[in-house]
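Read the structure below first, then the notes.
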Amino acid sequence: MIDLESPMAASIVLMATNTVKFDDGSQASWKDIIAYRYVIATAMVGFVYTALQIPFAIYYVCTEKRLTRNDCLPEFDFYGDKIMSFLLATGVGAGFAIGFEFKRLLKWLC
1 MIDLESPMAA SIVLMATNTV KFDDGSQASW KDIIAYRYVI ATAMVGFVYT ALQIPFAIYY
61 VCTEKRLTRN DCLPEFDFYG DKIMSFLLAT GVGAGFAIGF EFKRLLKWLC
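Read in order, the letters of the sequence shown correspond to residues 1 to 110 in full-length UniProt numbering.
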């Protein structure tokens, strides 16, 4: 089991608290750019999904039994992991794209 809680929590805090001040005194933050809003939203959804999975994983490790007796939980794990991987991949793509555009813009301005 890969620990995704700490990096996602750290990235949410880092992006949410990050602001930039310009020479004219104006400020910009993640709220001003829609792509960064999407990146933070996907990180928060991933954080909640991972936090939801932790009690089930701990119970399984301690007792070597599933918490529910039916076949619902393994299917939920499978499809939930698929959806979360696609969602997080799109968040990473959006973050990379906006970061690349900012880098190109700053190189053009300087």
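Where is the CB? At the ideal position from N, CA and C, for every residue including glycine.
Looking only at DSSP bridge pairs, what is residue i linked to?
i   : result
A57 : Answer is none; A57 lacks a bridge partner.
K21 : Q27
Could you tell me the alpha carbon to alpha carbon distance between residue i and residue j, rounded to whole angstroms?
i    : j   : result
K31  : R37 : 6 Å
L67  : P55 : 9 Å
S85  : S11 : 17 Å
Y59  : Q53 : 10 Å
L105 : F22 : 14 Å
E75  : G91 : 24 Å
V48  : G25 : 36 Å
F96  : F78 : 27 Å
K107 : T17 : 24 Å
K82  : Q27 : 38 Å
Between which residues of its own chain and residue i is the CB-CB distance below 6 Å, once the five residues before and five after are set aside?
i   : result
A35 : A94, I98
S29 : T19
Have a look at the options and flag the residue whose alpha-carbon is nearest the alpha-carbon of residue i.
i   : options            : result
A9  : A43, F102, D24     : A43
M15 : D77, D23, V39, Q27 : V39
I33 : W108, F102, C72    : F102
In its own chain, which residues sit with a C-beta less than 7 Å from the C-beta of residue i, not counting the 5 before and 5 after it?
i   : result
L88 : T42, G46
Starting from the C-beta of residue i, find all residues in its chain whose C-beta is less than 8 Å away, skip the five residues before and the five after it, and write them out in chain order.
i  : result
M1 : With a pLDDT of 48 at M1, under the threshold of 50, the modelled position of this residue cannot be trusted, and the question is left open.
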